[in-house]
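Asker: Take this structure first; my questions come after.
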Amino acid sequence: MGDRDGSFADMQRSAVVGIGMAVDIAINYPLWIAAKRIGAGLPAFPGTVAEVYRGGGSLWLSLGPTTIMEDVAKRSAEFALPQDQPQRELVASAFAGALAGGTFCAQ
Numbered sequence: 001m002g003d004r005d006g007s008f009a010d011m012q013r014s015a016v017v018g019i020g021m022a023v024d025i026a027i028n029y030p031l032w033i034a035a036k037r038i039g040a041g042l043p044a045f046p047g048t049v050a051e052v053y054r055g056g057g058s059l060w061l062s063l064g065p066t067t068i069m070e071d072v073a074k075r076s077a078e079f080a081l082p083q084d085q086p087q088r089e090l091v092a093s094a095f096a097g098a099l100a101g102g103t104f105c106a107q
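Here's what the structure looks like:
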C-alpha cells in the first residue's frame, strides 16, 4: 500500500503542476499576446475577453502535459541515479527535458 500512496502523491503533484501552468497562462498569456499584437501593429487588446484568451487552451494542452512529463521524469530519474552522484539533479533534469521535448513538444 505504501507504493500506491506514493503514486497517488505523484499524481497529486503532477495535477498541481498542471493547475499551476493554467494559472500562469491565465495571468501571463494576455500580456504575451498584447506584446505580439503591438509588434504586429495591432491594438494591444482585442474587443472581448474571449478574444484575449483565444489560443490559451491550445497553449495549455501543449505546455501543461510537457511540464507534467518533465516533473515526473525528473523525479523518476533522480530516484534511479546513485544518491552520491554530484550532478544527479542536472542529469535528471537534462533527461526529463529531452524526454518531454521528444514526446509532447514534438507535436
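Going by the numbering used here, the sequence shown opens with residue 1, and the numbers climb by one from there.
All residues carry an ideal CB built from backbone N, CA and C; glycine is no exception.
(1) Cα separation between Pro46 and Val52?
(2) Residues in the same chain with beta-carbon distance under 7 Å from Ala34, minus the five sequence neighbours each way, listed in chain order, please.
(3) Take Phe104 and list the residues in its own chain whose beta-carbon comes closer than 7 Å to its own, dropping the five residues that flank it on each side.
(4) Considering only C-alpha positions, which residue in the set Arg88, Asp84, Gln83 is nearest to Lys74?
(5) Let me check understanding here. Comparing Cα to Cα, which of Gly97, Ala92, Gln83, Ser76 lies closest to Glu11?
Answerer: Reading it off the structure:
(1) Working through the sequence shown from its first residue, we reach residue 46 at position 46. Working through the sequence shown from its first residue, we reach residue 52 at position 52. Looking at the two C-alpha atoms, the distance is approximately 6 Å.
(2) Sequence index remark: in the sequence shown, residue 34 carries index 34 (1-based). Closer than 7 Å at the Cβ level, and outside the excluded window around Ala34, lie Ala44, Phe45.
(3) In the sequence shown, counting from the first residue as 1, residue 104 sits at position 104. Taken in chain order, the residues that qualify are Ser62, Pro65, Thr66, Met69.
(4) Indexing the sequence shown from 1 puts residue 74 at position 74. Of the listed residues, the one whose Cα sits closest to Lys74 is Arg88.
(5) As a working mapping, residue 11 is identified with position 11 in the sequence shown. Before going on, a small fix: residue 11 reads as Met here, not Glu. Ranking Gly97, Ala92, Gln83, Ser76 by Cα distance to Met11 puts Ser76 first.
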